[in-house]
Structures are given as structure tokens and as C-alpha cells.
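Numbering (the numbering used here) for the sequence shown: 6 to 443. Okay, so here's the structure we're looking at.
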Amino acid sequence: MYKSPSVNFPDLLLSLSDALDLASPELSLHQMRTAFIAWEISRAANLHQMRTAFIAWEISRAANLPSGLIKQLFIAALFHDVGALTPEEKLSIHRNEVENVEPHCIFGEAFISHVPMFEPSAKIVRWHHKPWQEYEQTSDDSLIFASQILYLADSVERLLDSNRYILLQGLDILSTISGWSSTLIHPQVVDIFKSVAAREDFWLDLVSPRLYSLLLHNGPYRNKVLPITDLMPISEMFRNLIDFRSPFTGTHSSGVSATASSIAHFLGLTKTDIELMEVAGNLHDLGKMAVSNNIIDKPNKLTSDEFAIIRQHPYLTYSILSSIGGMRQIAESAAFHHEKLDGSGYPFHIDASQIDTGPRIIAVADIFTAMTENRPYRNTRPKSDILSVLNGLSSKNLLDKHVVGVLESNYDEIIASTVLKQNEARESYLRQFQLDKN
């Protein structure tokens, strides 16, 4: 079913980072710009493979940082606010309206640590709001230095004024940052930033609509590909970001993922296809990161306006995932779960001729899982009701009859696997947020 052996890794990083900024136009490009600033400062420090970078890198040799640090910092910068789970929290942090920023740093470290290839960046995320004056001044830890670069990069991006021409802002921003030297930010990081900020191209690139392309083709992970089977831990991290923002959805994506992979197994799909159905299940609600918790947690029926907002989420899921090289089929499986075989679904209104096996499986898994869960507006439905609903939808040519039939024939095994995965997700949720089970 799946044909692509690998995905474009920098594309994956940038697109998923972009997903974190869905909350508000005000946040758009924040993490990407922060990563760019951190990357430019690192280039000025002459980390190995960046020696061909911009002018005035003489200061770089004195830093003598290891070559791998730039990649750790780049990932940390792209996902530095990953611990802020709701659109409201992200926006409050961006506007400096949150007095205690520590929780999102702690949660961010926990999320990043879940992915083996991201784990080396976890401490940088954990410390990215820690002022320099709180460290031992003799400390020369490279991760502390990197976290200070991220502290500065994050701060610079927040100082940008979208209503003012960028080249008129540089001196004011530099003056503010210089005032933080030796107190909030490591003086050497400030000095390196001064050399970067002296260049007009830095500021112009920073606000360029081509920033994504610049980082994709020139950033530290350019040309790197990732075996598509290595997507699992990254998809699990984003599954948790999607679900853990609310106790009512805390296990939904894990349930869809488990159900989809079980159905794929009983359909006789290959091991790789089964794993990638699990990935698609993990990511199917990625677009809900743009939806307010006021809607997600609403205990009663949504208004027509609220439902209109909900209806954008599969479009956003597709927009993000389909832009990643090598992930088109996963994007379709994840994003088409509200499409119907007769063309009456949303948001693309495609029919059976355009809906492959993957989306058909996720569509059934999504409805099945939702009916097995307790929600603010209803309790879990019994097996007879669940099968009645699914068979009713398949008889109307809304869901795939064969997929529904496979689920019905193997119901007990599938529900057992789904409940097991959801219990694991629930335990993870409780551990991560230190909630009392009682």
C-alpha cells in the first residue's frame, strides 16, 4: 500500500514545527524564526559544517563547539514551545503574559525526550527560559551555551514588530538584547549575535516568505532522509501533544492508532503497512492543534459556528503532512477520515474512487474509538450499539463495508488491543502531568 521508502527529514521537522504555530496568526512562523536565529548565531560560532556561512565568522573558532551541537540546537529551537499544549497557552507565552513559564519547559523536555533522535535536545528545551545569572558563572557546559542561544533567539523573535519595516527594527532589538548581557544572556552569545545582527540579509531572511525553503535547503539537516518506518516515535510525540491537552481526548489518537493497526492486521496488510497505519492514526487529528480547548472540552452540543471551526482540522492535517516529501499516502490516510464513500464527507468531498484503503481504515477506526470512549456529553456505548452504527453507515455507502466487516468479525480482539493501548496512554498522561488517579 505504501510506496515511499523514506521521508525528507528537514521537511518533516519544519512542517511539524509549523503545526505548533497553528494556534494563531500571531504565532505563525515563531518557532521557525526562532530556529533560524539560533542557527545563524551557531553559524557565527563556526560549528563545523557551517564554515561556509556568512561574513564575519572570525569569532567562531574561539567558541570551539562540537559539530553535532548545531543540530541539537536546531531541533530544540524548532520545538522549544512544544510543552505549551493549548492555543491559549501558546499565545499567552508568546505575548509574555505568563509569569511562570517553567511548566511548558518541563513538559517540553518530557515530550522531546520521548523521541530518541530528539532526546539530546531535551535539556536545551528545558533551560531555554533560564537566565544566565542563575547558572554558575564558571559553567562551560555546551548545552547551557546552546540553551542561552535559544533564549536569545526566542527573545529576538518575540521583539519583532510585524507592523514595522524589518530593517528599521534591528538597532532597537540589538539595544534591548545588549542590555541583557551578563544578566539574562551569556555575554559571548550577545557578542556573537551582534556580528549576525550587523547584516541586513539576516533580518531580511528572518521575515522572508521563503524562510521555510531557506531552512529546508540550507539548514543543518539539508539532504537528510529518514526511513519511513522510523516515523513511529515522532508520530507518538505529536499524538501525545494532540491528546494530552485535554483529559477528554487523552487517549483518543492512541485508540484510533491501535484500532487502525489491528484492522490492517486482520485485512492481511504487510508489517510496514500496519506500522504506517499506526502512524497515520497517531497523526489523524494533527489539525486540532489549531482548535481552542473551549471547543474541545465543551460538555454539550457544538454550535454551528463551533462545528465550522472543527471542520477545518482534517484540512490542516493534510496541509501539514502532504507538504512533507515521502508522506503523501500517510497524509491521505490521516486526513481523509471524515470523507465518505458517497462524497458527502468533509473537507474535500471526495468519493470512493479517490479514497484508498488507508483512509477507509482510519475512518472506521475513528468512529469506533469515539464510541468506545467517555466524552463530556455521553458515556461509552455498548458493543451492540457500536456495531449497529457502523453497519448502518456502511449500508448507506458512507463507510467501507469490508473494513467494517473485518472489525465486526474480530471485535473482541480489536477492542482488547485498543483498550490496552489507551490504558498505556492514560498512564503516560497521568505520569507526565502528575495527576491523581483518584
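We put the CB at the ideal spot given by N, CA and C, even for glycine.
- Membership of Asn13 in the beta strand (DSSP E) is indicated by the continuous run Ser11 to Asn13.
- Here the C-alpha atom of Met237 lies approximately 36 Å from the C-alpha atom of Leu164.
- Distance from the CA of Ala202 to the CA of Ile190, rounded to the nearest whole angstrom, comes to 16 Å.
- Between the alpha carbons of Tyr140 and Ser266 lies a distance of about 47 Å.
- Taking 8 Å as the cut-off, the Cβ atoms of Val296 and Ile325 do not count as close.
- Between His133 and Leu155 the beta-carbon gap is near 4 Å, inside 8 Å, which marks them as a contact.
- Residue pairing of Pro232 in beta bridges, as defined by DSSP: Ser11.
- Between the alpha carbons of Pro192 and Gln317 lies a distance of about 45 Å.
- A Cβ-Cβ contact shorter than 8 Å links Val194 with Gln153.
- DSSP places Tyr320 in the uninterrupted alpha helix (DSSP H) bounded by His318 to Leu326.
- Judged by DSSP in its simplified three-state form, Ile98 adopts helix.
- Per the coordinates, the alpha-carbon of Pro15 lies some 16 Å from the alpha-carbon of Leu74.
- Under a 10 Å Cβ-count criterion, Ser200 is classified as buried, with 16 or more other Cβ atoms of the shown protein chains found around its own Cβ.
- Shown here, Ser251 sits in coil according to DSSP, grouped into three states, outside any helix or strand.
- Counting other Cβ atoms within 10 Å of its Cβ, Lys276 stays below 16 and is therefore classed as exposed.
- For Tyr156, the enclosing alpha helix (DSSP H) begins and ends at Ser147 to Leu164.
- As computed with DSSP, Ser186 is found in a beta bridge with Ile190.
- With the rule of 3 Cβ pairs closer than 8 Å, the segment 166-175 does not count as touching the segment 214-229.
- Nearest to Phe116 by alpha-carbon distance, out of Leu246, Ile197 and Gln427, is Leu246.
- At the C-beta level, Lys426 and Gly260 come within 8 Å of one another.
- Taking the CA atoms as reference points, Asp248 sits about 13 Å from Ala375.
- Counting only the Cα atoms, Leu231 lies some 34 Å from Glu378.
- Non-local C-beta neighbours of Trp208 in its own chain, meaning closer than 8 Å and more than five positions away in sequence, comprise Ile171, Leu172, Gln174, Gly175 and Ala202, ordered along the chain.
- Rounded to whole angstroms, Gly363 and Asp310 show a C-alpha spacing of 30 Å.
- For Ala127, the enclosing alpha helix (DSSP H) stretches over residues Ala127 to Arg131.
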